[in-house]
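Novice: For the record, the sequence lines run as chains B and U.
If you're matching positions, the first sequence starts at 1 in UniProt numbering and goes up one per residue.
If you're matching positions, the second sequence starts at 1 in UniProt numbering and goes up one per residue.
Note that the Cβ used here is the ideal one computed from N, Cα and C, for glycine as well.
First, the structure itself, so that you have it in front of you.
Number of protein chains: 2
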Amino acid sequence: MTLPYGIFSTDDSSPRVGVRLDNQILDLEMVGRLGFFDDLSFDLAVFKKPVLNDFMALGKPLCRTIRRRLIDLLNDPEKPLDAFADFVLIDAKATTLHLPIHIGDYTDFYASEEHASNVGRMFRPQAEPLLPNWKHLPVAYHGRASSIVVSGTPIKRPKGPFLGLDQQPVFGPSNALDFELELGIVIGKPSTLGEPVSVNDAEDYVFGLVLFNDWSARDIQRWEYQPLGPFLGKNFASSMSPWVVPLEALDSVRIDGPKQEPTPLPYLQSGGRRHFDLTLEVALQTPDSPDEIVISQTNARHLYWDVAQLIAHHTVNGCNLNVGDLLATGTISGSTPGSYGSLLELSWNGTRPLTLPDGSTRTFLQDGDTLILRGWANEKRIDFGEVRGKINAST
Amino acid sequence: MTLPYGIFSTDDSSPRVGVRLDNQILDLEMVGRLGFFDDLSFDLAVFKKPVLNDFMALGKPLCRTIRRRLIDLLNDPEKPLDAFADFVLIDAKATTLHLPIHIGDYTDFYASEEHASNVGRMFRPQAEPLLPNWKHLPVAYHGRASSIVVSGTPIKRPKGPFLGLDQQPVFGPSNALDFELELGIVIGKPSTLGEPVSVNDAEDYVFGLVLFNDWSARDIQRWEYQPLGPFLGKNFASSMSPWVVPLEALDSVRIDGPKQEPTPLPYLQSGGRRHFDLTLEVALQTPDSPDEIVISQTNARHLYWDVAQLIAHHTVNGCNLNVGDLLATGTISGSTPGSYGSLLELSWNGTRPLTLPDGSTRTFLQDGDTLILRGWANEKRIDFGEVRGKINAST
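Following this line, the structure appears as structure tokens:
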């Protein structure tokens, strides 16, 4: 069971913590009011909050116990919740889902070798695809937390400065609006300023994972990013899934990562099964074709650096983490064209337009397009749900 | 009068809002309890908070009225506060000062032409000092909010990966720990996601300015920063002054900015007196020389882009601002070696060590060094106070 956590509201109730069960949402405060958490000694008020932060701050041992309790209740052949279904279960269709986290700081990594290599092949064709630092450390930059929105929020095409055809700066709506398929890592435990988190302790700081779309305006990004990195090309919006999958739910899909050669510095030396076998898919819905078109399918196993390495790197200089911080992996691409995690790669920087079933083509996103990311591991009954966003025209 | 706002506590009182008056702090809640704000219709609870955010969120018209009221009270020849001095005035020496803002997102710009040119001359000696985009837009990157600390907080020398003498990656304490002299801009009004703030409205979003030290580990930064910008080289700590100078206090030092050539795109076309004539100074105190040594003196007038332009650029793509966001200018350097705002420039990347009065030298900061930034405009009775930090050894 995935049992992801999110924040929902109904016409009758303000935003609060719920757990997704197929087409229903379990209201955790109501479960608590029935006495099912009475022996666990925590304040049910953590479930009546508009974000998960206070719940996550209970700490991993207690959160794990609550999850175990829910699994026991749902698996109990006597179905102890059934008698209270009207009280604890809400039809998901009757709810509104909210951004589940108050995000403090947001960091985006660049952890997929195929993605970083593809970008290098496109923009530095004469050189090695990977820059010299890439296999020695997980490259990252800080992103914008204020503009992270929940799945379903429309995305307005950003305006900004970029180089026109004559290589002179112009201002206008981006002509190269792209998505980036990523996983987000929700931090559930604070670290202390000045104190690194070791790679072996790092997973203790992870509450769970989400699907994440780091919308990108490639033309704006290309003009602005030297020498300090992306800014307006990224910070107009990012979208995250409403459901946070607790790390514990992923134990059954843990796998070994790729061999890391050269061997990274000791503070990055990880081990064990710290990668995840999760199918990730990108679908596009256009104004002319209401049917969804799958434009990419890949897998989280294509990440080079694992979650523990990202956290160990982030904190090795003493940088502190807070509950609610978000780390994202960067675009996840596989090795074949059908497995790339951005239109930049899928259309090879606009030089190889995708032909859609209705005969239309895409290099980058057009107004009215809806982009949907999904993630799952079917045999293991793990479902990340989706993150979707429709592109509205600039105003 | 500067009348900067900050957060103080005493042995008897929890952190709360105060205004600095030379050697004393005015307790604003107490002033309110005496009835001096009774006609202004706001909840005095905003002054009993451990950060200024709720006070700032009252909005600029009301904050401006409160400031005007304080000036009137302090200038009143009948000295209406004197009878209540024990009640409203606290000896600054008996207080602890706190980080005055809950910072949501932190953005650092690169807005000083001399600084950007010096960096270019050092690292790209064969090329034009400024990159092609620099005069067309205010280059910026997102920084880390969680590790921003108040003046006086010791700074632990960060460890991290960098290239050793043989150009192989090594891990250890930074050998090139630097400061950056900056001004910080505290946002006091939220903007809406998807809605740009025009350059002419931008100053309405500014509550005030602070002194800011963006500590930097140059060796770590140099190895990591391609292609996405600085990360571990910056995010271990930044320091800000405890006192926020309201924008209104700076009206008397407003000046025209430099001529901007080429003319920037229309969304950046500013005008009027939007730069500030503020003296900025950097002092160093070493373990061997208890006397402070002034190592640089410069002026905020050396910024190329003005505050309104920074905000217009930041939001032109729809990126939203929240109350408590911090924007920093980037290192402020003048055109002469004695006016550079970083040791990177003052020691020309370590090639021209500074000789101190006791005969010792510095390229970058050593353990036990204390670095102090100050800002003022004497004739105008404006004083930013200071931001200081002592370097502790790595552990």
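So if DSSP puts Val210 of chain B in a beta bridge, which residue, or which two residues, is it bridged to?
Specialist: Paired residue(s): B:Gly184.
Novice: Would you mind telling me which residues of chain B sit closer than 9 Å to Ala94 of chain U, beta carbon to beta carbon, in chain order?
Specialist: In chain order: nothing, as chain B lies at least about 27 Å away.
Novice: Which whole-angstrom value is the C-beta distance of Phe231 of chain U and Ala127 of chain B, which I expect to be below 8 Å?
Specialist: Between Ala127 of chain B and Phe231 of chain U the Cβ distance is about 22 Å, and since that is not below 8 Å, they are no contact.
Novice: Which word fits Arg352 of chain U, buried or exposed, when buried means at least 16 other C-beta atoms lie within 10 angstroms of its C-beta?
Specialist: The residue in question, Arg352 of chain U, is exposed, as its Cβ has fewer than 16 Cβ neighbours within 10 Å.
Novice: With DSSP collapsed to three states, give me the class of Glu195 of chain U.
Specialist: Coil.
Novice: Quick check on Leu73 of chain B - is its C-beta less than 8 Å from some C-beta in chain U?
Specialist: It does not; no Cβ of chain U falls within 8 Å.
Novice: Interface residues of chain U around Ile187 of chain B at Cβ under 8 Å?
Specialist: Those do not exist, as Ile187 of chain B stays about 10 Å from chain U at its closest Cβ, beyond 8 Å.
Novice: State buried or exposed for Pro290 of chain U, treating a residue as buried only when at least 16 other CB atoms are found within 10 Å of its CB.
Specialist: By the 10 Å Cβ count, Pro290 of chain U comes out exposed.
Novice: Secondary structure at Gly32 of chain U, three-state DSSP: helix, strand or coil?
Specialist: Helix, per DSSP.
Novice: Alpha helix (DSSP H) containing Pro61 of chain B: first to last residue?
Specialist: Unbroken alpha helix (DSSP H) run through Pro61 of chain B: Lys60 to Asn75.
Novice: So, for Arg144 of chain B: in the same chain, excluding its five sequence neighbours on each side, which residues have a beta-carbon less than 8 Å away from its beta-carbon?
Specialist: Around Arg144 of chain B: Tyr106, Lys234, Asn235 and Ser238.
Novice: What are the residues of the region 204 to 223 of chain B that lie near chain U, defined by any Cβ-Cβ distance shorter than 8 Å?
Specialist: Residues Ala217, Ile220 and Trp223.
Novice: Between Asp105 of chain U and chain B, is the shortest Cβ-Cβ distance under 8 Å, so that the two count as touching?
Specialist: Interface residue, yes.
Novice: For Asp306 of chain U and Gly257 of chain U, which I take to be in contact (beta-carbon distance under 8 Å), what is that distance rounded to the nearest angstrom?
Specialist: Confirmed, about 5 Å.
Novice: I want to verify the contact list: residues of chain B whose CB lies under 8 Å from the CB of Ser146 of chain U, in sequence order.
Specialist: Within 8 Å Cβ-Cβ: Gly104, Asp105, Leu193, Cys319, Asn320, Leu321, Asn322 and Asp325.
Novice: Of all the residues that make up the region 129 to 143 of chain B, which are near chain U by a beta-carbon distance shorter than 7 Å?
Specialist: Under the 7 Å Cβ criterion, the region 129 to 143 of chain B contributes Leu131, Asn133, His136, Leu137, Val139, Ala140, Tyr141, His142 and Gly143.
Novice: What's the gap between the Cα of residue 398 of chain B and the Cα of Thr10 of chain B?
Specialist: Beyond the ends of chain B as shown, which are 1 and 395, falls residue 398 of chain B; an answer cannot be given.
Novice: In whole angstroms, what separates the C-alpha of Leu34 of chain B from that of Asp27 of chain B?
Specialist: Their Cα atoms are separated by approximately 11 Å.
Novice: List, from N- to C-terminal side, the beta strand (DSSP E) runs of 3 residues or more that fit wholly inside the region 252 to 288 of chain B.
Specialist: The region 252 to 288 of chain B contains these whole beta strand (DSSP E) runs: 279 to 285.
Novice: Please confirm whether Asn53 of chain B has its beta-carbon closer than 8 Å to some beta-carbon of chain U.
Specialist: Not closer than 8 Å to any Cβ of chain U, the Cβ of Asn53 of chain B fails to qualify, so no.
Novice: Beta-carbon separation of Val197 of chain U and Ile311 of chain U under 8 Å?
Specialist: Going by C-beta atoms, Val197 of chain U is nearer than 8 Å to Ile311 of chain U.
Novice: At a Cβ threshold of 8 Å, is Phe171 of chain B touching chain U?
Specialist: It does; some Cβ of chain U falls within 8 Å.
Novice: Helix or strand or just coil, what does DSSP make of Glu386 of chain U?
Specialist: Strand, per DSSP.
Novice: Taking its Cβ as the centre, do 16 or more other Cβ atoms sit within 10 Å of Glu29 of chain U, making it buried, or is it exposed?
Specialist: Glu29 of chain U comes out buried.
Novice: Can you tell me whether Val337 of chain B is helix, strand or coil according to DSSP?
Specialist: In the sequence as presented, Val is not what sits at residue 337 of chain B; that position holds Pro. Note: Pro337 of chain B maps to helix in three-state DSSP.
Novice: Could you confirm whether any beta carbon from chain B is found closer than 8 Å to the beta carbon of Phe179 of chain U?
Specialist: Closer than 8 Å: no.
Novice: Just the chain U side, please: which residues come within less than 7 Å of Tyr267 of chain B by C-beta, in chain order?
Specialist: Residues of chain U passing the Cβ test: Phe171.
Novice: Under three-state DSSP, which class holds Tyr5 of chain U?
Specialist: Strand at Tyr5 of chain U.
Novice: Go to Thr315 of chain B, then tell me how far its alpha helix (DSSP H) extends in each direction, as first and last residue.
Specialist: Counting along the chain, the alpha helix (DSSP H) containing Thr315 of chain B begins and ends at Val307 to Thr315.
Novice: Taking only three categories from DSSP, how would you classify Gly104 of chain U?
Specialist: Of the three classes helix, strand and coil, the one that applies to Gly104 of chain U here is coil, per DSSP.
Novice: Taking DSSP as the reference, what is the three-state secondary structure of Asp178 of chain U?
Specialist: Three-state DSSP puts Asp178 of chain U in a strand.
Novice: Quick one: what does DSSP say Ser117 of chain B is sitting in, helix, strand or coil?
Specialist: DSSP places Ser117 of chain B in helix when its eight states are reduced to three.
Novice: Give the straight-line distance between the Cα atoms of His142 of chain U and Ala85 of chain U, rounded to the nearest whole angstrom.
Specialist: C-alpha separation (whole angstroms): 44 Å.
Novice: Once the 5 residues before and after Phe171 of chain B are set aside, which same chain residues still bring their CB inside 6 Å of it?
Specialist: Once the five neighbours on either side are set aside, the close Cβ partners of Phe171 of chain B are Pro161.
Novice: Taking only beta-carbon positions, decide if Asn235 of chain B is within less than 8 Å of chain U.
Specialist: Taking Cβ atoms only, chain U reaches closer than 8 Å to Asn235 of chain B, which makes this a yes.
Novice: On the three-state DSSP scale, how would you describe His136 of chain B?
Specialist: Looking at His136 of chain B - three-state DSSP - the assignment turns out to be coil, as it is neither helix nor strand.
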